[in-house]
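Worksheet for the structure shown next.
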Amino acid sequence: EVQLVETGGGLVQPGKSLKLTCATSGFTFSNAWMDWVRQSPEKQLEWVAQIKDKSNNYATYYAESVKGRFTISRDDSKSSVYLQMNSLKEEDTAIYYCLGWFAYWGQGTLVTVSS
Amino acid sequence: DIQMTQSPSSMSASLGDTVTITCLASQDIGNYLSWYQQKPGKSPKLMIYGATNLEDGVPSRFSGSRSGSDYSLTINSLGYDDEGIYHCHQYYEYPLTFGSGTKLEIK
Numbered sequence: 001e002v003q004l005v006e007t008g009g010g011l012v013q014p015g016k017s018l019k020l021t022c023a024t025s026g027f028t029f030s031n032a033w034m035d036w037v038r039q040s041p042e043k044q045l046e047w048v049a050q051i052k053d054k055s056n057n058y059a060t061y062y063a064e065s066v067k068g069r070f071t072i073s074r075d076d077s078k079s080s081v082y083l084q085m086n087s088l089k090e091e092d093t094a095i096y097y098c099l100g101w102f103a104y105w106g107q108g109t110l111v112t113v114s115s
Numbered sequence: 001d002i003q004m005t006q007s008p009s010s011m012s013a014s015l016g017d018t019v020t021i022t023c024l025a026s027q028d029i030g031n032y033l034s035w036y037q038q039k040p041g042k043s044p045k046l047m048i049y050g051a052t053n054l055e056d057g058v059p060s061r062f063s064g065s066r067s068g069s070d071y072s073l074t075i076n077s078l079g080y081d082d083e084g085i086y087h088c089h090q091y092y093e094y095p096l097t098f099g100s101g102t103k104l105e106i107k
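Protein sequence lines, in the order shown, are assigned to chains A and B.
Quick note: the first sequence, position 105, residue 105 per this note's numbering, numbers continuous.
Quick note: the second sequence, position 1, residue 1 per this note's numbering, numbers continuous.
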């Protein structure tokens, strides 16, 4: 059974940092392209970042709204993907989902940025 | 960025009806289009990929089609289990983008 479990969400003040972790199982993680997608309170989905596999040199891509503030990374030995979020803004408030191949989704973790 | 204009934003239909949801791409995306179903409090579920391919385990009542830059999701023989929000998604070009969603209510 495929499982993706996100952790690390919570309430954080503007300007602060947070790191999300997604632990996976049930599929060949090392070959997978992994993404983070977020969903606003209005239910709009927004792609955040992608990291490709080793054969694609772990290439990374970002939405313009997070470029320079967020960093996606992965650890194939732990079948995990991460999202380091710095300089957080109130508009980053959302449920953050971890995805594998855009077919497998985690249950999401809520990030609230508020003073 | 590629804009995905999804319509309608919401709709209500009866049991047994056939409904169609559409997404218009602002530029060519080939068949790099997926559809997701999201139920309240749950994460989205992949239904259609490659514009017309049914994901494993998805009922054949669901189908996807393409006409130029218009992409459609059709659901036949509506049941209560089909209620939710449907999202289209293009993965042809970065940044990857989603439509604004269609909320489907079953009367």
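Glycine included, each C-beta is placed from N, C-alpha and C at the ideal position.
Chain B residues whose Cβ lies nearer than 7 Å to that of residue i
i, result
"W105(A)", "S43, P44"
"A63(A)", "P95"
"G68(A)", "Those within 7 Å of G68(A) in chain B number zero; the least Cβ separation is about 14 Å."
Nearest-angstrom Cα separation, counted from residue j out to residue i
i, j, result
"G57(B)", "S65(A)", "35 Å"
"G99(B)", "G50(B)", "16 Å"
"E6(A)", "A94(A)", "13 Å"
"L45(A)", "G8(A)", "20 Å"
"H87(B)", "Q6(B)", "8 Å"
"R61(B)", "I48(B)", "12 Å"
"A103(A)", "Q13(A)", "32 Å"
"I106(B)", "T24(A)", "35 Å"
"V48(A)", "L96(B)", "9 Å"
"M85(A)", "F70(A)", "4 Å"
"P44(B)", "D1(B)", "23 Å"
"N56(A)", "L33(B)", "22 Å"
"Y71(B)", "I51(A)", "27 Å"
Chain-ordered neighbours of residue i on chain A, where CB pairs are closer than 8 Å
i, result
"G64(B)", "None at all; the shortest Cβ gap to chain A is about 15 Å."
"S34(B)", "F102"
Partners in chain A for residue i, counting only beta-carbon separations shorter than 7 Å
i, result
"I85(B)", "K43"
Chain A contact for residue i (CB, 8 Å cutoff)
i, result
"G101(B)", "yes"
"P95(B)", "yes"
"Y91(B)", "yes"
Any C-beta of chain B under 8 Å from that of residue i
i, result
"G26(A)", "no"
"E1(A)", "no"
"G8(A)", "no"
"E91(A)", "no"
"Y96(A)", "no"
Status (buried if at least 16 other CB within 10 Å, exposed otherwise) for residue i
i, result
"V113(A)", "buried"
"Q3(A)", "exposed"
"L18(A)", "buried"
"A63(A)", "buried"
"L11(A)", "exposed"
Cross-chain neighbours of residue i in chain B, by beta carbon under 8 Å
i, result
"G15(A)", "In chain order: nothing, as chain B lies at least about 24 Å away."
"W36(A)", "Neighbours of W36(A) on chain B: none; closest Cβ ~11 Å, over 8 Å."
Within the region 30-98 of chain A, note down every full beta strand (DSSP E) run reaching 3 residues or more, in order along the chain. 34-39, 45-51, 60-62, 70-75, 80-85
Quick check for students: name the residue ranges of the beta strand (DSSP E) that lie wholly in the region 18-104 of chain B, counting only runs of 3 or more. 19-25, 33-38, 45-49, 62-67, 70-75, 84-90
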